[in-house]
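In the UniProt record's numbering, the protein residues as written are 1 to 98. Glycine is no exception: its CB is placed at the ideal position from the N, C-alpha and C atoms.
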């Protein structure tokens with residue numbers, strides 16, 4: 001398990017550095033994200049759902065957290081196709097820790 005930072009994207013394709021028939025506004029975005037560091041933490045995940053959960057829980061006065069499993073590393077074009085078994089382990093680990 002790696003402790004890292006998840007950042008939110010405003011969309012699914014272009015905002016996450018994926019080109020789909022339209023050129024990216026910033027083709028070097030993922031490289032910039034990879035180099036970013038804050039207090040020794042690096043960005044390890046890029047998705048779009050966690051920010052909505054955090055915002056809604058805050059508005060409702062709840063505490064919330066997200067735990068993300070990185071399935072694909074787009075920079076090196078690698079994917080973990082056998083991730084389903086690992087998710088069960090991740091869920092159990094997180095529940096034991098909270």
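Simplified DSSP assignment, three categories, for residue i
{"i": "residue 39", "result": "coil"}
{"i": "residue 7", "result": "strand"}
{"i": "residue 34", "result": "helix"}
{"i": "residue 52", "result": "helix"}
{"i": "residue 89", "result": "helix"}
Cα-Cα separation, residue i to residue j
{"i": "residue 75", "j": "residue 85", "result": "24 Å"}
{"i": "residue 98", "j": "residue 23", "result": "43 Å"}
{"i": "residue 81", "j": "residue 88", "result": "15 Å"}
{"i": "residue 1", "j": "residue 32", "result": "24 Å"}
{"i": "residue 92", "j": "residue 64", "result": "17 Å"}
{"i": "residue 41", "j": "residue 95", "result": "23 Å"}
{"i": "residue 71", "j": "residue 79", "result": "6 Å"}
{"i": "residue 11", "j": "residue 51", "result": "12 Å"}
{"i": "residue 27", "j": "residue 36", "result": "16 Å"}
Inter-residue CB distance, residue i and residue j (contact presumed, cutoff 8 Å)
{"i": "residue 69", "j": "residue 83", "result": "6 Å"}
Segment contact flag, the region 15-22 with the region 51-67, C-beta cutoff 8 Å, min 3 pairs: Because the criterion of three Cβ pairs below 8 Å is not met, the region 15-22 and the region 51-67 do not touch.
Using 8 Å as the cut-off, can you tell me whether the region 1-8 makes contact with the region 36-52, which would need three or more C-beta pairs spanning the two stretches below that distance? Contact between the region 1-8 and the region 36-52 is established, with three or more Cβ pairs separated by less than 8 Å.
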